[in-house]
Amino acid sequence: MVRRIARLRSGRLALGILLVVLVLAVFGPALAPFDPLAGTDAALAGPSADHWLGTDYLGRDVLSRILAGSTVSVLGAVQVALIALVVGAVPGILSVYLGRSFEWLSLRLVDTLIALPFLVFAVAVTALLGNGIPQAMFTVGILVSPVFYRVSRAAALTVSRSQYVEAALLSGASIGWVVRKHVWAKVLPPLSIALATTMGAGFVVVSSLTFLGIGVQPPAPTWGGVLASELQYLSYQPWAPLVPTVLIMLTVWAFNLLADAVRDVTGEAGRALTRPVTTPVAPVTQRTA
Amino acid sequence: MSPDAPLLQVADLDVHYGSRRSRTQALHGASLDVFRGETVGIIGETGSGKSTLARAAVGLISVSGGSVTIGGEVVTGFSDRKWRDFRRRGVVQLVFQDPLRSLDPDNTIGASLAEPLILQGRASRSEIADVIRTHLARVRLDEDVLDRLPGELSGGQRQRVAVARALVTGPELVILDEPVSALDSANRVQVLEILADLRASGVALVFISHDLGSVAGITDRVAVLYQGSVVEVDVTDAIVNRPQHDYTRLLVGSAPTLATGSLDRARRDELRSLVGAP
Chain A
5 MVRRIARLRS GRLALGILLV VLVLAVFGPA LAPFDPLAGT DAALAGPSAD HWLGTDYLGR
65 DVLSRILAGS TVSVLGAVQV ALIALVVGAV PGILSVYLGR SFEWLSLRLV DTLIALPFLV
125 FAVAVTALLG NGIPQAMFTV GILVSPVFYR VSRAAALTVS RSQYVEAALL SGASIGWVVR
185 KHVWAKVLPP LSIALATTMG AGFVVVSSLT FLGIGVQPPA PTWGGVLASE LQYLSYQPWA
245 PLVPTVLIML TVWAFNLLAD AVRDVTGEAG RALTRPVTTP VAPVTQRTA
Chain B
17 MSPDAPLLQV ADLDVHYGSR RSRTQALHGA SLDVFRGETV GIIGETGSGK STLARAAVGL
77 ISVSGGSVTI GGEVVTGFSD RKWRDFRRRG VVQLVFQDPL RSLDPDNTIG ASLAEPLILQ
137 GRASRSEIAD VIRTHLARVR LDEDVLDRLP GELSGGQRQR VAVARALVTG PELVILDEPV
197 SALDSANRVQ VLEILADLRA SGVALVFISH DLGSVAGITD RVAVLYQGSV VEVDVTDAIV
257 NRPQHDYTRL LVGSAPTLAT GSLDRARRDE LRSLVGAP
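If you read the protein sequences in the order shown, they are chains A and B.
Each number in my numbering comes from the position in the first sequence (counting from 1) with 4 added on.
Each number in my numbering comes from the position in the second sequence (counting from 1) with 16 added on.
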């Protein structure tokens, strides 16, 4: 699928941006020119040869803080998506095959999750598990999992009643075989769209939660945290919030672009768009009756 | 099992759809025997239970009464595991009406054809490739279809692929549910020729159709299904020329492709009112 996405211009762009973000997440902390926690005397300095993006109100190098914060930001978004995938998509597919009681139970659980108010649940989780990025992301992941459950269940449901699944069953296929060979390929496209959208949303949530001081505790840097501290000194450095904002926006946009590309390359229409043209099969040896 | 016992024995089969209030009976004590190597047609109008009979016989839907025996084994009441083991032997296969829906759109033709053989788990890769090639030739398809997706083939080619998939396990009985209804006349003739070859090779066939005309030329016997019951079973010639049941008479008279002379509208209405309950 990646190869087919890369054939689309928008897909290439999305993959390119996300690759840069991934590099930032992996090598960001090592690339930081200064200690992201060490303050200097030059507070709120503009860009200079030493501090490319200036310094914040404690004189900390902004570039270093953004680079050092990228790991946490990206990991948080990935964590949200993974939790949603495991808690939502897997039971969604299984609900079609594991019999009526599992189906009923999982549907009611999902209804409950949908009904849960976000803040109450977040506070309850924080009270139970403490304040921290993993806990916050766990909360968000659980709360978006119903989307994954519905999407994968809907896709699996259509496939489970199809004749090719019946044909496979008639050849002695097990449920596991059917899911692996037939259902998975049909669930993957809508699921990857949901995944890409959630990664984008997860990014915003991580950023806004750290903006609010939930999850990551200061002085640990994150993109949302940098944005929050820059915003307080808007009157001194009106341009400063731009860099973290653009970073967050670009990443979210890239994820949405990727989601669109995934939608475009899957399904019959998508194949026609990205597949090399094949000539129709010539009619085979006709018998003269 | 004795050599002259039926290969497929359907006895007093009842099938219900829906639950409680919306419960409807699709089959009322339907019975049918299919012997080795013979070709039996099942005809009836839409909703008469033809497909239900076929699907119940291969265990795709559960039955509420009666029994199905395949090759001397009573398969009614099989657990999922027993069905799986039984089906992997590949004794009975089903060909669906619409080949576009019965082939996975994401799997190449090669993958679809290999699936039953992989599930059997006996053959090596090269053996599987050999078997597939043999059966492609049998349904008159070129090898270059193997890398294609079902959406890239014509309707006739797809149905021949579906037939080939039913044949790769070397079944003794193939049930064909309206195999040519979705095809144009040229492809229909080609698929019917393939079925005639199959019949000559000794595979028992059950040919389901709403049209007596397309069944008459290829079957040894015909069963007439009406409102979930088999109302008449006889050799094809007798069904066409000396129908006993009023409904059969109606069917014979309504078949546009039969040369036995069609009924006028008044006579059809008269028969329709006579038929009533089975």
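We treat Cβ as the ideally placed atom computed from N, Cα and C, and that holds for glycine.
Measuring alpha carbon to alpha carbon, tell me which of the options ends up nearest residue i.
i, options, result
"B/A46", "B/V155, B/S83 and B/V231", "B/S83"
"B/G88", "B/S80, B/D146, B/L23 and B/V107", "B/L23"
"B/S217", "B/D20, B/D30, B/R52 and B/A27", "B/R52"
"B/A239", "B/L267, B/R215 and B/D213", "B/L267"
"A/L89", "A/P245, A/G229, A/H186 and A/P194", "A/P194"
"B/L165", "B/R265, B/N123 and B/A27", "B/N123"
"B/I134", "B/D158, B/R104 and B/R117", "B/R104"
"B/G81", "B/Y242, B/L29, B/A178 and B/D146", "B/L29"
"A/M203", "A/L35, A/S149 and A/R13", "A/S149"
"B/A212", "B/Q260, B/S67 and B/V56", "B/V56"
"B/F112", "B/S197, B/S289 and B/R281", "B/S197"
"B/Q175", "B/D158, B/G126 and B/P115", "B/P115"
"B/I77", "B/E61, B/S95, B/T62 and B/G60", "B/S95"
"B/D163", "B/V74, B/A127 and B/V246", "B/A127"
"B/H226", "B/S38, B/A271, B/D285 and B/D146", "B/A271"
State the Cα-Cα distance for the pair residue i and residue j, rounded to the nearest angstrom.
i, j, result
"B/R181", "B/L152", "9 Å"
"A/V169", "A/V182", "7 Å"
"B/D49", "B/Q25", "5 Å"
"B/L43", "B/L119", "28 Å"
"A/P144", "A/G206", "It is Val, not Pro, that sits at residue 144 of chain A in the sequence shown. Those two C-alpha atoms are separated by around 8 Å."
"A/I179", "A/L161", "13 Å"
"A/L48", "A/Y240", "8 Å"
"A/L133", "A/I146", "14 Å"
"A/A10", "A/D268", "12 Å"
"B/I144", "B/P195", "25 Å"
"B/V31", "A/R8", "47 Å"
"A/L113", "B/V205", "54 Å"
"A/V27", "A/V78", "10 Å"
"A/W16", "B/T85", "One detail in the question is off: residue 16 of chain A reads as Arg in this sequence, not Trp. Cα to Cα, the separation comes out at about 58 Å."
"A/A261", "B/Q173", "Note on identity: in this sequence residue 261 of chain A is Leu, with Ala being the wrong assignment. When rounded, the distance between both Cα atoms is 38 Å."
"A/S196", "B/R117", "24 Å"
"A/G20", "A/V30", "15 Å"
"A/D65", "A/D39", "8 Å"
"A/L41", "A/Q83", "25 Å"
"B/E159", "B/I125", "10 Å"
"B/K98", "B/V219", "24 Å"
Here's a check: name, in chain order, each residue in its chain whose Cβ is nearer than 8 Å to the Cβ of residue i, leaving out the five neighbours to either side.
i, result
"B/A70", "I58, L110, I191, D193, V222 and I224"
"A/V208", "I252 and V256"
"A/G50", "G58 and Q241"
"A/P245", "L231, E234, L235 and L238"
"B/V161", "I125, L152, L169, Q173 and V177"
"B/R288", "L266"
"B/G186", "G106"
Who are the near neighbours of residue i in its chain, counting only those whose CB is closer than 7 Å to its CB and skipping five residues on each side?
i, result
"A/D45", "G63"
"B/D20", "none"
"A/F122", "L147"
Just to confirm my understanding: we take residue i, look at its own chain, exclude 5 residues before and 5 after, and list those with CB closer than 6 Å. What are they?
i, result
"B/A232", "T252 and V256"
"A/L199", "A85"
"B/Y33", "T40 and A42"
"A/Y101", "I179"
"B/T299", "The requested residue 299 of chain B does not occur in the structure, where chain B is confined to residues 17 to 294."
"A/V187", "A160 and V163"
"B/V330", "Since the first and last residues shown for chain B are 17 and 294, residue 330 of chain B lies out of range."
"B/G65", "A42, L43, L241 and G244"
Is residue i near the ligand NAD, judged by its Cβ being under 7 Å from some heavy atom?
i, result
"A/V208", "For the ligand NAD, the structure offers nothing, since it holds no ligand at all."
How about residue i: is its C-beta nearer than 8 Å to some C-beta of chain C?
i, result
"B/S118", "Of the protein chains in this structure, namely A and B, none is chain C."
The stretch 124–137 of chain B: positions lying closer than 7 Å to chain A by Cβ = E131, P132 and L135
Quick one: which unbroken alpha helix (DSSP H) runs of 4-plus residues sit fully inside the stretch 181–221 of chain B? Chain order, please.
-> 201–216
Compile a chain-ordered list of the residues in the stretch 219–240 of chain B whose CB is closer than 9 Å to at least one CB of chain A.
-> Per Cβ criterion, the list is empty.
Can you give, in chain order, each stretch of the beta strand (DSSP E) that sits fully within the stretch 12–42 of chain A and has at least 3 residues?
-> none
The stretch 174–208 of chain A: positions lying closer than 8 Å to chain B by Cβ | L174, S175, G176, A177, S178, W181, K185, H186, A189 and K190
Contact list for the stretch 134–166 of chain A against chain B, Cβ threshold 8 Å | S166
Pull out every residue of the stretch 73–94 of chain B whose Cβ sits closer than 7 Å to any Cβ of chain A, in chain order.
-> V74 and L76
Where are the alpha helix (DSSP H) runs, 4 residues long or more, that stay fully inside the stretch 124–209 of chain A, in chain order?
-> Here the runs fully enclosed are 137–164, 167–174 and 179–182.
Would you list, in sequence order, the uninterrupted alpha helix (DSSP H) runs of no fewer than 4 residues that lie entirely inside the stretch 34–92 of chain B?
-> 66–73
3 or more residues per run - each beta strand (DSSP E) lying fully within the stretch 107–188 of chain B | 108–111
Mind pulling the alpha helix (DSSP H) runs of 4 or more residues that sit fully within the stretch 232–281 of chain B?
-> 252–257 and 262–270
Members of the stretch 101–112 of chain A that neighbour chain B once the beta carbon cut-off is set at 9 Å | none
Relative to chain B, which residues along the stretch 223–247 of chain A have a C-beta separation below 8 Å, given in chain order?
-> Listed by position along the chain: nothing, the set is empty.
When you check each C-beta in the stretch 49–60 of chain B against every C-beta of chain A, which residues fall closer than 9 Å?
-> none
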